[in-house]
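**Student:**
In the working numbering, the protein residues as written are 346 to 647.
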């Protein structure tokens, strides 16, 4: 451990590279991968880096690099939208890189504030968890908010671990995830034997308690069925670029209404007995509520 730290301390470039890599690894703890154990990497790296930061600026850049890796790995799929219309393909790299660049500023600010309040011992883990989860709240609210890839989803991606959200919510999960997953670093940084043992133990006990809470909640949850329910799923397979053309609006609506009345075979055509009709997301190039004609057609047909 000491040899690795000495190697990293030789240049900011090495630290920033390690932070970026830990952010990439940490993002794999989120859906669809949900390898939650990997979140130990960025949280422990964050603490050890803040321990070695010499200035506020250095701390901010450290947070930015970790955040950049985290958001780059978690949001690369945004570029897929530019594959629909080839004429905008040139903008894809800017979207893939630009969004993580901006979102990483929240991590930079969180690291800077943590550095300002940094103190030895368990205190710093607690403060860091409060600050990083508070900036998660800000990320979800400011400038219309962008809570995607929330830290809390590290625990939220596992059914049993996610149940504690019923009590503390998503941002409470963010605090627990950042606090518990950072604790084991104290085994390497602290001199007191009791701290070396108690910090990792607290992490294990904390995760176990959350898991058992979720297991109990799931096993005791009431199981209810709803009778007299028939659900129809409708998929007209209309190309996305056709939906973007407003001149197709009326035809698209009529296609939806027509296909919606078809059953899985002719004897089930019509809407009789259907209690729920499910349409695809982003079905129209307009809002039904803002198009009286469309709304009337929908109401009359169903």
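Even glycine gets a Cβ: it sits at the ideal position worked out from N, Cα and C.
Since this is a predicted model, take the numbers as computed values, not measurements.
Under DSSP, the beta strand (DSSP E) around residue 578 begins and ends at which residues?
**Tutor:** Along the chain shown, one-based indexing puts residue 578 at 233. Its beta strand (DSSP E) spans residues 576-578.
**Student:** With a floor of 3 residues, list each beta strand (DSSP E) that falls wholly inside the region 492-572, ordered by position along the chain.
**Tutor:** Correct list: empty.
**Student:** Classify residue 364: buried if its beta carbon has 16 or more other beta carbons within 10 angstroms, exposed otherwise.
**Tutor:** For the purposes of this step, residue 364 is taken as the residue at position 19 of the chain shown. Its Cβ being crowded by 16 or more others within 10 Å, residue 364 is buried.
**Student:** Where does residue 622 sit, in a helix, a strand or coil, going by DSSP?
**Tutor:** Taking the chain shown and counting its residues from 1, one reaches residue 622 at position 277. It is a strand residue.
**Student:** Does the distance from the C-beta atom of residue 649 to that of residue 457 stay below 8 Å?
**Tutor:** The chain is shown only over 346 to 647; residue 649 falls outside these bounds and no answer can be derived.
**Student:** Could you check the C-alpha separation between residue 562 and residue 385 for me, to the nearest Å?
**Tutor:** Here the question's residue 562 lines up with position 217 in the chain shown. Here the question's residue 385 lines up with position 40 in the chain shown. Computed Cα separation, rounded: 26 Å.
**Student:** Give the C-beta separation of residue 411 and residue 367 to the nearest angstrom, bearing in mind that I take them to be a contact with Cβ-Cβ under 8 Å.
**Tutor:** As a working note, residue 411 is residue 66 in the chain shown. As a working note, residue 367 is residue 22 in the chain shown. Right, the Cβ-Cβ distance comes to about 6 Å (below 8 Å), so this counts as a contact.
**Student:** Looking at the structure shown, is residue 433 part of a helix, part of a strand, or coil, going by DSSP?
**Tutor:** In the chain shown, counting from the first residue as 1, residue 433 sits at position 88. Residue 433 falls in the helix class under three-state DSSP.
**Student:** Can you check which of these residues, 362, 439 and 421, is closest to residue 406 by C-alpha distance?
**Tutor:** On the chain shown, position 61 is the one that residue 406 refers to. Considering only alpha carbons, the answer is 362.
**Student:** DSSP state of residue 479, grouped into three classes?
**Tutor:** Indexing the chain shown from 1 puts residue 479 at position 134. It is helical.
**Student:** Going by CA-CA distance only, name the one from 420, 356, 355 and 392 that's closest to residue 375.
**Tutor:** Here residue 375 refers to the residue found at position 30 of the chain shown. It is 420.
**Student:** For residue 387, which option in 484, 525, 568 and 546 has the closest C-alpha, if you only look at C-alpha atoms?
**Tutor:** Residue mapping note: residue 387 aligns to position 42 of the chain shown, counting from 1. Ranking 484, 525, 568 and 546 by Cα distance to residue 387 puts 525 first.
**Student:** Taking 8 Å as the threshold, find out whether the region 438-454 comes into contact with the region 388-408 through three or more Cβ pairs.
**Tutor:** Yes, the region 438-454 touches the region 388-408.
**Student:** So residue 655 and residue 579 are supposed to be a Cβ contact under 8 Å. How far apart are they, rounded?
**Tutor:** There is no way to answer for residue 655, as the model of the chain reaches only from 346 to 647.
**Student:** For residue 485, I'd like the list of residues in its chain whose CB is within less than 6 Å of its CB, leaving aside the five on either flank, ordered along the chain.
**Tutor:** For the purposes of this step, residue 485 is taken as residue 140 along the chain shown, with counting starting at 1. Same-chain partners within the cutoff: 492.
**Student:** What is the DSSP secondary structure of residue 355, counted as helix, strand or coil?
**Tutor:** Along the chain shown, read from residue 1 onward, the residue named residue 355 stands at position 10. In this structure, residue 355 counts as coil in the three-state DSSP scheme.
**Student:** Relative to the C-alpha of residue 463, which residue among 515, 392 and 483 is closest?
**Tutor:** Looking up residue 463 in the chain shown gives position 118. For the residues 515, 392 and 483, the minimum Cα distance to residue 463 belongs to 392.
**Student:** Throw me the rounded Cβ distance for the residue 478 and residue 520 pair, which I believe falls under 8 Å.
**Tutor:** In the chain shown, the residue the question calls residue 478 occupies position 133. In the chain shown, the residue the question calls residue 520 occupies position 175. At roughly 4 Å, the Cβ-Cβ gap stays under 8 Å, so residue 478 and residue 520 are in contact.
**Student:** Take the Cβ of residue 490 as the centre, count every other Cβ of all protein chains shown within 10 Å, and call the residue buried at 16 or more, exposed below.
**Tutor:** Here residue 490 refers to the residue found at position 145 of the chain shown. When all chains shown are included, residue 490 counts as exposed.
**Student:** Whole-angstrom Cβ separation of residue 518 and residue 527, contact assumed at under 8 Å?
**Tutor:** Position 173 of the chain shown, counted from the start, is the residue given in the question as residue 518. Position 182 of the chain shown, counted from the start, is the residue given in the question as residue 527. Going by Cβ atoms, the distance from residue 518 to residue 527 rounds to 15 Å, so no, they are not a contact pair.
**Student:** Give the DSSP-derived three-state secondary structure of residue 484 in the structure shown.
**Tutor:** The residue you call residue 484 lines up with position 139 of the chain shown. Three-state DSSP puts residue 484 in a helix.
**Student:** Could you pull the start and end residues of the alpha helix (DSSP H) that residue 381 belongs to?
**Tutor:** Sequence index remark: in the chain shown, residue 381 carries index 36 (1-based). No alpha helix (DSSP H) contains residue 381, which DSSP labels as neither H nor E.
**Student:** Nearest CA to the CA of residue 437: which residue from 447, 446 and 426?
**Tutor:** What you label residue 437 is simply residue 92 of the chain shown in a count that begins at 1. Nearest of 447, 446 and 426 to residue 437, Cα basis: 426.
**Student:** So residue 413 and residue 494 are in contact, right, with Cβ under 8 Å, and what is the actual spacing, rounded?
**Tutor:** Numbered from 1 along the chain shown, position 68 holds the residue referred to as residue 413. Numbered from 1 along the chain shown, position 149 holds the residue referred to as residue 494. Contact doesn't hold; Cβ gap of about 12 Å is too wide.
**Student:** What is the rounded straight-line gap between the Cα of residue 624 and the Cα of residue 557?
**Tutor:** Within the chain shown, the letter at position 279 stands for residue 624. Within the chain shown, the letter at position 212 stands for residue 557. Rounded to whole angstroms, residue 624 to residue 557 spans 38 Å at the Cα level.
**Student:** So, helix, strand or coil for residue 583, using DSSP?
**Tutor:** Looking up residue 583 in the chain shown gives position 238. In the structure shown, residue 583 sits in coil (DSSP, three-state: anything other than H, G, I, E or B).
**Student:** Locate the alpha helix (DSSP H) running through residue 399, then write down its first and last residues.
**Tutor:** Here residue 399 corresponds to residue number 54 of the chain shown, with the count starting at 1. First-last for residue 399: undefined, no H or E at that position.
**Student:** Assign residue 399 to one of two classes, buried (16 or more other C-beta atoms within 10 Å of its C-beta) or exposed (fewer than that).
**Tutor:** On the chain shown, residue 399 is found 54 positions in, with the first residue counted as 1. Exposed, since its Cβ has fewer than 16 Cβ neighbours within 10 Å.
**Student:** For residue 500, which of 483, 573 and 553 has the nearest alpha-carbon?
**Tutor:** Position 155 of the chain shown, counting from 1, holds the residue named residue 500. Here the closest residue by C-alpha is 553.
**Student:** Using alpha carbons as the reference points, say which of 551, 433, 380 and 461 lies closest to residue 402.
**Tutor:** Against the chain shown, residue 402 aligns to sequence position 57. Cα-wise, what sits closest to residue 402 is 461.
**Student:** Using 10 angstroms around the beta-carbon of residue 585, count the other beta-carbons present and answer buried if the total reaches 16, otherwise exposed.
**Tutor:** Within the chain shown, residue 585 is the residue found at index 240, counting from 1. Exposed: under 16 other Cβ atoms inside 10 Å.
**Student:** From residue 564 to residue 503, what distance separates their C-alpha atoms?
**Tutor:** Within the chain shown, numbered from 1, the residue matching residue 564 stands at position 219. Within the chain shown, numbered from 1, the residue matching residue 503 stands at position 158. Approximately 15 Å, taken between the alpha carbons.
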